[in-house]
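Notes follow the structure.
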Amino acid sequence: MRIGILGSGLMGGKLGTLFARAGHEVVFSYARSDEKLRRLACGAPGARCGTPAEAAREADALLLAVHWSRLEEVLQQAGKLTRAVLISCSLPMNADDTALVVGHSSSGAEELARMVHPLRVVSAFGTVPSEVLFSVFDARAKPARPSLVYCGDDAAAKELCAGLIRDVGFDPVDAGPLRNARYTEPFSLLVAHLAYEGTGSPELAYRFEDRAG
Ligand SMILES: NC(=O)c1ccc[n+]([C@@H]2O[C@H](COP(=O)([O-])OP(=O)(O)OC[C@H]3O[C@@H](n4cnc5c(N)ncnc54)[C@H](OP(=O)(O)O)[C@@H]3O)[C@@H](O)[C@H]2O)c1
294 MRIGILGSGL MGGKLGTLFA RAGHEVVFSY ARSDEKLRRL ACGAPGARCG TPAEAAREAD
354 ALLLAVHWSR LEEVLQQAGK LTRAVLISCS LPMNADDTAL VVGHSSSGAE ELARMVHPLR
414 VVSAFGTVPS EVLFSVFDAR AKPARPSLVY CGDDAAAKEL CAGLIRDVGF DPVDAGPLRN
474 ARYTEPFSLL VAHLAYEGTG SPELAYRFED RAG
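Here you go:
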């Protein structure tokens with residue numbers, strides 16, 4: 294699958310690298326330095342770098358991984374998006390990353406879906422810290438994979454996203470329609486609190502178990 298990365302920082306850089314290692318054709322875009330994009334592309338098998346418009350061209354999936362304040366700019370640079378599934382790990386955080394600026398009656402993912410309508414949006418990967426991604430990938434052959442919730446309104450788009458979640462080494466958990474990002478986004482802040490302010494390391498993942506099943 295061809296995957297464009299819009300935002301090649303902690304999340305986009307690592308997820309793009311892992312998508313490439315899993316065999317996908319990845320294009321990294323949107324960082325403040327072209328040198329960084331080139332470095333990421335060199336470190337990931339078969340990956341390239343380019344502008345957001347180049348990353349978006351003919352992409353099957355686009356990973357949106359920017360700070361909430363950069364959303365409009367990166368989407369504008371990506372140009373008209375018609376086909377790709379837009380997977381967003383971006384959380385609607387304020388400028389100093391201390392609070393959600395959207396919540397309760399909407400979510401960042403729903404606001405995003407309104408911005409890019411009729412593009413299909415799936416919210417995924419935002420509930421884990423970037424620090425855990427490589428170790429989850431490295432342990433993907435082991436049983437009892439960690440969970441990763443995702444939500445969206447289009448069945449085919451969600452199936453595509455679930456495949457990518459599996460490729461990274463998680464067990465995808467369908468959390469229902471996109472409106473349930475109202476629950477997953479605050480949950481991300483809980484996970485971030487445990488990862489960065491808890492007693493353990495930021496290499497933190499979670500696992501849901503159906504104890505009756
Ligand atoms: N980090 C996490 O563990 C984590 C976990 C869950 C969800 N999230 C969410 O995921 C999203 C991405 O987070 P992140 O930690 O990956 O952020 P990040 O490391 O800051 O990455 C953002 C990317 O956007 C680029 N960028 C920022 N301003 C730019 C500008 N003016 N022009 C061009 N490029 C620009 C950055 O460039 P540079 O590379 O040059 O800085 C970077 O590549 C956020 O919405 C965050 O809330 C993050």
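Start counting the sequence shown at 294; every next residue gets the next number (our numbering).
Virtual Cβ for every residue (Gly too), placed ideally from N, Cα, C.
Near ligand 1: residue i beta-carbon under 7 Å from a heavy atom
{"i": "G491", "result": "no"}
{"i": "V359", "result": "yes"}
{"i": "Y323", "result": "yes"}
{"i": "P479", "result": "no"}
{"i": "P439", "result": "no"}
{"i": "R341", "result": "no"}
{"i": "V363", "result": "Checking the displayed sequence, the identity of residue 363 turns out to be Arg instead of Val. True, at least one ligand heavy atom lies under 7 Å from that Cβ."}
{"i": "P338", "result": "no"}
Straight-line Cα distance separating residue j from residue i
{"i": "H277", "j": "V425", "result": "Beyond the ends of the chain as shown, which are 294 and 506, falls residue 277; an answer cannot be given."}
{"i": "A402", "j": "S322", "result": "21 Å"}
{"i": "R413", "j": "S481", "result": "22 Å"}
{"i": "L368", "j": "V466", "result": "27 Å"}
{"i": "L303", "j": "L355", "result": "16 Å"}
{"i": "E502", "j": "R438", "result": "11 Å"}
{"i": "A548", "j": "L364", "result": "Here the chain comprises residues numbered 294 to 506, so residue 548 is not present and cannot be evaluated."}
{"i": "L374", "j": "G493", "result": "41 Å"}
{"i": "R295", "j": "A313", "result": "10 Å"}
{"i": "H317", "j": "G305", "result": "14 Å"}
{"i": "S398", "j": "Y476", "result": "11 Å"}
{"i": "C335", "j": "R433", "result": "23 Å"}
{"i": "L407", "j": "A450", "result": "According to the sequence as given, residue 407 is Arg; it is not Leu. Each residue's Cα considered, the two are about 16 Å apart."}
{"i": "E347", "j": "D447", "result": "25 Å"}
Simplified DSSP state of residue i, which is helix, strand or coil
{"i": "Y443", "result": "strand"}
{"i": "D431", "result": "helix"}
{"i": "R500", "result": "coil"}
{"i": "G297", "result": "strand"}
{"i": "F321", "result": "strand"}
{"i": "L379", "result": "strand"}
{"i": "P411", "result": "coil"}
{"i": "A449", "result": "helix"}
{"i": "R472", "result": "helix"}
{"i": "A352", "result": "coil"}
Proximity of residue i and residue j at Cβ, strictly below 8 Å
{"i": "C342", "j": "L330", "result": "yes"}
{"i": "V421", "j": "S383", "result": "no"}
{"i": "A349", "j": "A377", "result": "yes"}
{"i": "G381", "j": "L405", "result": "According to the sequence provided, residue 381 is Ser. The question's Gly does not apply to it. In contact: S381 and L405 (Cβ atoms closer than 8 Å)."}
{"i": "G491", "j": "L471", "result": "no"}
{"i": "C454", "j": "V415", "result": "yes"}
{"i": "F463", "j": "V429", "result": "yes"}
{"i": "E478", "j": "G419", "result": "yes"}
{"i": "P345", "j": "A315", "result": "no"}
{"i": "V461", "j": "L308", "result": "yes"}
{"i": "G396", "j": "A352", "result": "no"}
Within-8 Å CB hit, residue i to chain B
{"i": "A450", "result": "The chain labelled as chain B is not found in the depicted structure, where only one protein chain is given."}
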